[in-house]
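When we follow this note's numbering, the leftmost residue of the sequence shown carries the number 397, and every step to the right adds one.
Worksheet for the structure shown next.
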Amino acid sequence: MQNDTTGFTLWFTGLSGAGKSTIAQIIGPEIERRGILVDHLDGDVVRTHLSKGLGFSREDRDANILRIGFVSKLLTRHGAAVIVAAISPYAETRELVREMVDDVGRFVEVYVATSLEECARRDVKGLYAKAFAGEIKEFTGVSDPYEAPDHAEIVVETEGRSPEDSARFVVDELERLGIIPPVLEEAVA
Ligand SMILES: Nc1ncnc2c1ncn2[C@@H]1O[C@H](COP(=O)(O)OP(=O)(O)OP(=O)(O)O)[C@@H](O)[C@H]1O
Ligand SMILES: [Mg+2]
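Rendered as structure tokens:
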């Protein structure tokens, strides 16, 4: 059967505290306004059900990402806009997911390029302090690898910008890449 849907997966990757979830939440309604169904797969939420029990070894992290990729593929195939916000530290694993999704729709990698220093300064969850104190093993960017993408479709900066500005930038890029249509100006009554 020919697939002529407009499904795509918007895959946010970046360090903890980079701004993935924050930007994803702002962007969701912006995409919905265009009449596209949106689903969110947030790393923290997924780890409470789909990936419950998985830890932070490379094997478990990969299993988590491949599960998210599997669900993304199903939803993308049905024309949804899937918004994933997961650290997804390994380039090779992100490539596997890209290949899975590319079979049925567009895969758009969004690198939330926030420096380790800035993420640690934000320390939204108080985890960096613990990681630097050696209390958390396998903490991405501190005691575990993060492989930044080198060919992400979109690279968004967050330092010195508001979350709204970063989200606006991503939406503009999605329009420029032809992945979402611009919102038509409302007719003046
Ligand atoms: N331009 C920006 N874009 C996004 N977030 C920003 C920006 N500037 C500051 N922030 C702040 O940075 C924090 C980002 O936290 P967020 O939970 O979104 O990170 P995350 O990447 O989802 O991390 P995790 O992987 O731990 O879930 C928020 O407190 C947000 O308000
Ligand atoms: Mg998050």
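C-beta atoms are modelled at their ideal positions from N, C-alpha and C, and glycine is treated no differently.
The structure presented is a predicted model; accordingly, all values stated were derived computationally and were not measured.
6 Å Cβ shell around residue i - same chain, five flanking residues per side excluded
i, result
"residue 534", "452 and 540"
"residue 578", "571"
"residue 399", "Residue placement at residue 399 cannot be trusted, given a pLDDT of 43 that sits under 50; what the coordinates show is reported in the next sentence. Here the set comprises nothing."
Residues that DSSP places opposite residue i in a beta bridge
i, result
"residue 437", "480"
"residue 576", "Looking at the DSSP assignment, residue 576 forms no beta bridge with any residue, so it has no partner."
"residue 507", "409 and 551"
"residue 540", "536"
Distance between residue j and residue i (C-alpha atoms, nearest Å)
i, j, result
"residue 446", "residue 517", "31 Å"
"residue 455", "residue 580", "45 Å"
"residue 449", "residue 457", "11 Å"
"residue 408", "residue 552", "10 Å"
"residue 502", "residue 403", "7 Å"
"residue 473", "residue 439", "21 Å"
"residue 467", "residue 500", "12 Å"
"residue 513", "residue 557", "16 Å"
"residue 506", "residue 429", "21 Å"
Beta carbon of residue i nearer than 8 Å to that of residue j
i, j, result
"residue 504", "residue 550", "yes"
"residue 441", "residue 460", "no"
"residue 490", "residue 545", "yes"
"residue 422", "residue 563", "yes"
"residue 487", "residue 560", "no"
"residue 497", "residue 405", "yes"
"residue 471", "residue 493", "no"
Same chain, Cβ closer than 7 Å to residue i, five either side skipped, listed in chain order
i, result
"residue 416", "408, 410, 481 and 508"
Beta carbon proximity, residue i to chain B, threshold 8 Å
i, result
"residue 580", "No chain B is part of this structure, which consists of one protein chain only."
Cutoff 8 Å; reference residue i; Cβ partners in own chain excluding five residues on either side
i, result
"residue 515", "411, 412, 413, 414, 524 and 537"
"residue 519", "413 and 525"
Mind listing which residues have their beta carbon within less than 6 Å of any non-hydrogen atom of ligand 2? Chain order is fine. Result (chain order): 416, 417, 438, 439, 440 and 481.
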